[in-house]
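Colleague: Mind having a look at this structure? Questions to follow.
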Amino acid sequence: MASSKNAKLETEIDALKVRFLEEQEKVIALENYSRRENLRFMNVPEQEGENCANFIYDIIENELNIDVENLQFHAIHRVGKRRSSDETSKAYPRPIIARFLCREDRDSVLKAKGRLRNSSQHKNVYITQDYAKAIQMVRKVLIKAMFLARKKGMKAKVVDRNLVVNNNVYNVGNIPDNLKESSTLNSNSS
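For the sequence shown, the UniProt record's numbering gives the first residue as 1, with consecutive numbering after it.
Structural data, given as structure tokens:
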């Protein structure tokens with residue numbers, strides 16, 4: 001009798017785990033949906049008293065060659081905790097989030113982001129979508145694997161929550177061992 005109760009409880013626990021994962025995915029989807037008008041501008045040097053909006057307008061107009069006359073934003077600001085001046089110089093600057101009023105404007109900027117590669121003034125700056133935190137953590141692992149693959153001469157890219165290497169698609173749970181950074185993957189996969 002006790003074993004049948006245990007079996008029933010284990011079945012219920014398994015069902016709750018599945019439901020929890022489904023609910024987690026719904027929360028991630030909602031968070032992503034709320035970020036759909038945002039873009040992240042990465043590696044933009046920080047300066048005391050800076051005006052993030054001026055930088056964003058400048059890069060869109062002068063580097064991406066997009067007319068900014070009718071371009072409007074809900075908000076433009078840095079995210080994350082400001083680093084103190086005594087922290088290591090290796091620390092990356094905080095990203096700038098730009099929340100567009102018009103989704104089409106956001107999409108045109110995202111489409112033109114490749115033009116930044118040819119920039120002499122903003123060499124290290126790049127633009128990415130603003131993903132939910134859970135997706136950002138997964139992508140961080142995938143991007144490290146992508147760079148390892150490229151270093152080994154493979155054709156690799158990250159698309160959403162997938163790593164594509166030589167036309168083979170992987171997720172964070174099945175990255176080939178030769179593309180794993182053991183310390184990074186083990187700490188982020190749990």
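Idealized CB from N, CA, C, for every residue including glycine.
According to DSSP, simplified to helix, strand and coil, what is V109?
Modeller: Helix at V109.
Colleague: Below 8 Å CB to CB, which residues in the same chain sit around R115 once its five sequence neighbours on both sides are set aside?
Modeller: Correct list, in chain order: E63, L64 and N65.
Colleague: Helix or strand or just coil, what does DSSP make of N168?
Modeller: Three-state result, N168: strand.
Colleague: Leaving aside the five residues before and after Y57 along the sequence, list all residues of the same chain whose C-beta is less than 6 Å from its C-beta, in chain order.
Modeller: The answer, listed in chain order, is V68.
Colleague: Per DSSP, what kind of secondary structure is Q129 in: helix, strand or coil?
Modeller: DSSP places Q129 in strand when its eight states are reduced to three.
Colleague: How far does the alpha helix (DSSP H) with I13 in it extend, from its first residue to its last?
Modeller: It spans A2 to S34 - the alpha helix (DSSP H) in which I13 sits, taken as one unbroken run.
Colleague: Alpha carbon to alpha carbon, what distance is there between I28 and N188?
Modeller: Confidence at N188 is low in this model, with a pLDDT of 45, below 50, so the placement of that residue should be treated as unreliable; the coordinate-derived value is given next. Approximately 17 Å between the Cα atoms of the pair.
Colleague: When you compare the region 88 to 108 with the region 39 to 52, are there three or more beta-carbon pairs, one atom per stretch, that lie closer than 8 Å?
Modeller: With a cut-off of 8 Å, the region 39 to 52 and the region 88 to 108 count as touching, because enough Cβ pairs lie within range.
Colleague: List the endpoints of the continuous beta strand (DSSP E) containing I96.
Modeller: I96 to F100 is the extent of the beta strand (DSSP E) around I96.
Colleague: Using a threshold of 8 Å, state whether the C-beta atoms of K144 and E181 are closer than that.
Modeller: Cβ atoms of K144 and E181: closer than 8 Å.
Colleague: Mind checking whether M154 and V165 have CB atoms under 8 Å apart?
Modeller: Contact: yes.
Colleague: Please report the distance separating the alpha-carbon of I135 from that of K152.
Modeller: The alpha-carbon atoms of I135 and K152 are separated by roughly 26 Å.
Colleague: Under 8 Å, do V172 and V138 count as touching if we go by C-beta distance?
Modeller: In this structure, V138 lies closer than 8 Å to V172 by Cβ.
Colleague: With DSSP as the reference, label R150 as helix, strand or coil.
Modeller: Residue state, collapsed to three classes: helix.
Colleague: Indicate whether F55 and L101 have their beta-carbon atoms separated by less than 8 Å.
Modeller: Going by C-beta atoms, F55 is not nearer than 8 Å to L101.
Colleague: Could you tell me which residues DSSP pairs with I76 in its beta bridges?
Modeller: BP columns for I76 point to A98.
Colleague: Within a Cβ cutoff of 8 Å, which residues of the same chain sit near S34, ignoring the five residues on either side of it in sequence?
Modeller: Once the five neighbours on either side are set aside, S34 has no close Cβ partner at all.
Colleague: Mark Y131 as exposed unless 16 or more other C-beta atoms lie within 10 angstroms of its C-beta, in which case mark it buried.
Modeller: The residue in question, Y131, is buried, as its Cβ has 16 or more Cβ neighbours within 10 Å.
Colleague: Can you find the residues in the same chain that come closer than 6 Å, C-beta to C-beta, to K113, ignoring five residues on each side of it along the sequence?
Modeller: For K113, where only same-chain residues beyond five positions count, the Cβ hits under 6 Å are I127.
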